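Enquirer: In my numbering, the protein residues as written are 21 to 233.
1) Under DSSP, the alpha helix (DSSP H) around residue 165 begins and ends at which residues?
2) Go through the stretch 37-90 residue by residue and report every complete run of the alpha helix (DSSP H) that reaches 4 residues or more, in order.
3) Per DSSP, residue 104 is paired with what?
4) Should the stretch 158-170 be called in touch with the stretch 181-192, which here means at least 3 C-beta pairs below 8 Å?
5) Please classify residue 90: is it buried, with 16 or more other beta-carbons within 10 angstroms of its beta-carbon, or exposed?
6) What residues match up with residue 184 in a beta bridge as DSSP calls it?
7) Work out the CA separation of residue 218 and residue 139 for me, nearest whole Å.
8) Pull up the distance between the alpha-carbon of residue 122 and that of residue 156, whole angstroms please.
9) Report the rounded CA-to-CA distance for residue 82 versus residue 149, giving the unit in angstroms.
10) By Cβ distance, which residues of its chain are closer than 6 Å to residue 77, with the 5 residues on each side in sequence left out?
11) Between 202, 205, 153, 178, which lies nearest to residue 192 when the distance is taken from Cα to Cα?
12) Are the Cβ atoms of residue 220 and residue 141 separated by less than 9 Å?
13) Quick one: is residue 30 buried, meaning 16 or more other Cβ sit within 10 Å of its Cβ, or exposed?
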């Protein structure tokens, strides 16, 4: 890993401190050794580095390919442990993520394909489920709340909202009863998102709110 990877984890704490109270819950659920497939909801650009810094495991995360168009942002996201992904199921990226997992490096994914405009969970792409089924590594559901307040940084300076990152219990994808891989993938992805929803307050659960379905 590049020095920026380790330096960045210190910098992100320094950068967030003036704007928010950073709380991490469920650290006891994070395995002492990787790799794990971390799957999380997405509210703000700060989510990937904050989740990675909270994880305490060597990890990389997927980021939208647009960030590679500018040399400065490319330097930071690449050396902080990110690699580009197109929205949807990008088979090349899935293979790249599979390679990281085989080398013992955890992978952080945000399966909604972009930041939620409403704060609630959106329909997820199946890439995380496909990766879990292909590698068999434990899936670690994670929730983030409060980073949506970063849209109003001046307000944050005076109010410092609470940003909470909650790690759920890791689980291994079961063999499944569906004969078709596509069906297994969709069923597993739905299960993952419901586990993330269970870690979130009701107003963040979106379409995966069990009480509304």
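All C-beta atoms in this analysis are idealised placements derived from N, C-alpha and C, irrespective of residue type, glycine included. Please read all numbers here as calculations on a predicted model, not as lab measurements.
Expert: From the atom records:
1) Careful: residue 165 lies outside any alpha helix (DSSP H), inside the beta strand (DSSP E) at 159-165.
2) Counting only runs that start and end inside the stretch 37-90, the alpha helix (DSSP H) elements of at least 4 residues fall at 67-75.
3) Answer by DSSP bridge pairing, in chain order: 83.
4) Taking a contact to require three or more Cβ pairs closer than 8 Å, the stretch 158-170 and the stretch 181-192 qualify as touching.
5) With fewer than 16 other Cβ atoms within 10 Å, it is exposed.
6) In the DSSP output, where bridge partners are listed per residue, residue 184 has 43, 165.
7) Whole-angstrom Cα-Cα distance: 15 Å.
8) Distance between the alpha carbons of residue 122 and residue 156: 10 Å.
9) Roughly 15 Å between the two C-alpha positions.
10) Result list for residue 77: 54, 126, in chain order.
11) Here the closest residue by C-alpha is 153.
12) Cβ atoms of residue 220 and residue 141: closer than 9 Å.
13) So residue 30 counts as exposed.
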